[in-house]
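Colleague: Here the protein sequences come in this chain order: A and B.
Just so we're aligned: 97 in full-length UniProt numbering is position 97 of the first sequence, and the numbers increase by one with no gaps anywhere.
Just so we're aligned: 114 in full-length UniProt numbering is position 114 of the second sequence, and the numbers increase by one with no gaps anywhere.
This is the structure I want to talk about, given as structure tokens.
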Amino acid sequence: MSSSDSTFEGSDKKESDNSSASNYECNICFDVARDAVVSMCGHLFCWPCIHRWMTARSGRMTCPVCKADINEDKFIPLYGRNTTDQQDPRKKVPPRPQGQRQESENTNGGGFNLGENFSMSFGIGAFPFGVFSTFNVPDRQGHYGHGHTHGPAPNQDEQFLSKVFLYVAVFFIFWLILA
Amino acid sequence: MERRLRKELTNLIKDPPDGIVVDPDKISQNITEWTVDVKGAEGTLYQGEKFTLQFKFGSKYPFDSPQVMFVGKHVPEHPHIYSNGHICLSILSDDWSPALSVQSICLSILSMLSSCSEKKRPPDDMFYVRTASKNPKRTQWLFHDDTV
């Protein structure tokens with residue numbers, strides 16, 4: 001290692017003299033980490049840098065250095081001595097908005113997806129309380145992107161039929177209970 | 001982005017890895033476009049050969065990978081390098097990470113050359129070169145061969 005390189009500007013020379021400074025450089029911007037956080041795998045980043053990378057990536061989030069799984073909650077903020085700003089760096093960048101997923105409801109009101117793939121079996125057996133009724137409404141997620149392309153119109157007959165069956169089933173159960 | 005590129009350039013000049021040469025005067029005019037000379041490693045099929053890599057950095061660098069390809073007359077003959085200079089290498093697209101740098105890309109490409117056991121073009125070279133965009137980042141690469 002020659003420390004006598006004279007072709008660089010003063011600031012860079014200073015950095016090369018102080019080689020241990022690079023131990024505290026962010027692995028993304030290569031500057032000394034500001035709002036420093038460290039991942040569980042031990043890699044140092046600026047919080048804004050790693051946050052930007054995590055939001056830019058969809059799907060599984062991995063450490064840019066070692067590809068270990070990383071998680072927003074599992075970064076440790078680093079506070080040096082005399083740090084006046086003791087706020088958790090992770091709170092500085094607004095956290096990602098939460099997903100807006102709602103649990104699907106099996107109501108008849110919307111009825112959009114209900115008709116398609118609705119199947120029901122119904123039976124009486126010798127077993128005590130031998131009534132089996134199965135309603136098989138497929139999970140909406142599994143058909144994401146398909147169900148919406150067809151309009152509700154072609155399903156109306158099926159939908160009507162399935163509703164009729166549903167009412168018959170409900171009636172039958174009541175009748176059995178009352179009897 | 002520029003700050004990081006300047007830092008990378010300084011480090012490359014200060015402490016260049018074997019077989020990687022940058023010309024700082026050429027680059028400092030336009031920091032977003034680099035040409036880097038790489039030399040085939042000793043004891044490999046590419047020993048004694050010299051190639052030129054072109055890097056183009058977008059404004060999202062290092063969150064987005066740079067555009068990297070071989071330029072000039074001499075493009076290495078390798079099963080993952082097309083004769084138009086495009087390189088089929090996963091870290092240049094899907095597996096890009098912002099912790100990678102010009103230096104690590106150059107080393108990956110040199111290592112890819114070094115592990116080659118037979119000089120040949122990709123089987124679809126003719127077709128690809130005719131149909132591909134100029135920008136290798138616009139190609140939807142499929143990575144299936146980890147042996148070379």
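Glycine residues also receive a C-beta, built at the ideal position from the N, C-alpha and C atoms.
Just checking: is the beta-carbon of valine 65(A) within a distance shorter than 8 Å of some beta-carbon in chain B?
Modeller: Numbered from 1 along the first sequence, position 65 holds the residue referred to as residue 65(A). Cβ-Cβ to chain B under 8 Å: yes for valine 65(A).
Colleague: Counting only runs of 3+ residues fully inside the segment 61 to 92 of chain B, write out the beta strand (DSSP E) ranges in chain order.
Modeller: Here the runs fully enclosed are 67 to 71.
Colleague: So that I know if they touch, is there some Cβ in chain B lying closer than 8 Å to that of valine 170(A)?
Modeller: As a working mapping, residue 170(A) is identified with position 170 in the first sequence. Output row for valine 170(A): interface = no.
Colleague: Tell me which residue opens and which closes the alpha helix (DSSP H) that alanine 169(A) is part of.
Modeller: Walking along the first sequence from the start, residue 169(A) turns up at place 169. Segment 156 to 178, the alpha helix (DSSP H) holding alanine 169(A).
Colleague: Please list the residues of the segment 57 to 68 of chain B that have a C-beta atom closer than 9 Å to any C-beta atom in chain A, keeping them in chain order.
Modeller: If the cut-off is 9 Å between Cβ atoms, the segment 57 to 68 of chain B has Lys60, Pro62, Phe63 and Asp64 near chain A.
Colleague: Spell out whether any CB of chain B is found under 8 Å from the CB atom of alanine 33(A).
Modeller: Taking the first sequence and counting its residues from 1, one reaches residue 33(A) at position 33. Chain B, which has no Cβ nearer than 8 Å to the Cβ of alanine 33(A), makes this no.
Colleague: Should lysine 50(B) be flagged as near chain A, meaning a C-beta pair shorter than 8 Å?
Modeller: Counted from its first residue, the second sequence places residue 50(B) at position 50. Chain A contact via Cβ: absent.
Colleague: Between serine 97(B) and chain A, is the shortest Cβ-Cβ distance under 8 Å, so that the two count as touching?
Modeller: Taking the second sequence and counting its residues from 1, the one referred to as residue 97(B) is at position 97. Chain A, which has a Cβ nearer than 8 Å to the Cβ of serine 97(B), makes this yes.
Colleague: Could you compute how far the alpha carbon of threonine 44(B) sits from the alpha carbon of cysteine 116(B)?
Modeller: Residue numbering aside, residue 44(B) sits at position 44 when the second sequence is read from its first letter. Residue numbering aside, residue 116(B) sits at position 116 when the second sequence is read from its first letter. Between threonine 44(B) and cysteine 116(B), the C-alpha separation is close to 8 Å.
Colleague: How would you call serine 22(A), buried or exposed, if buried means at least 16 neighbouring beta carbons within 10 angstroms?
Modeller: What you label residue 22(A) is simply residue 22 of the first sequence in a count that begins at 1. Burial call: exposed.
Colleague: Let me see if you follow: with CB-CB separation under 8 Å, is phenylalanine 75(A) close to chain B or not?
Modeller: As a first step, residue 75(A) is located in the first sequence; it is residue number 75 there, counting from the start. Phenylalanine 75(A) does not count as touching chain B.
Colleague: Starting from arginine 4(B), find everything on chain A with Cβ-Cβ shorter than 9 Å and list it in chain order.
Modeller: Taking the first residue of the second sequence as position 1, residue 4(B) is located at position 4. By Cβ distance, chain A contributes Ile28, Cys29, Phe30 and Asp31.
Colleague: For glycine 59(A) and glutamate 77(B), what's the separation of their Cα atoms in angstroms?
Modeller: The sequence position of residue 59(A) within the first sequence is 59, counting from 1. The sequence position of residue 77(B) within the second sequence is 77, counting from 1. Cα-Cα distance, rounded: 36 Å.
Colleague: Please report whether the beta-carbon of lysine 7(B) lies at a distance below 8 Å from any beta-carbon of chain A.
Modeller: As a working mapping, residue 7(B) is identified with position 7 in the second sequence. It does; some Cβ of chain A falls within 8 Å.
Colleague: Taking 8 Å as the threshold (beta carbon to beta carbon), is alanine 56(A) in contact with chain B?
Modeller: Indexing the first sequence from 1 puts residue 56(A) at position 56. With 8 Å as the cut-off, alanine 56(A) counts as an interface residue toward chain B.
Colleague: In chain B, which residues lie with their C-beta within 9 Å of the C-beta of arginine 52(A)?
Modeller: In the first sequence, counting from the first residue as 1, residue 52(A) sits at position 52. Here the neighbours are Phe63 and Pro98.
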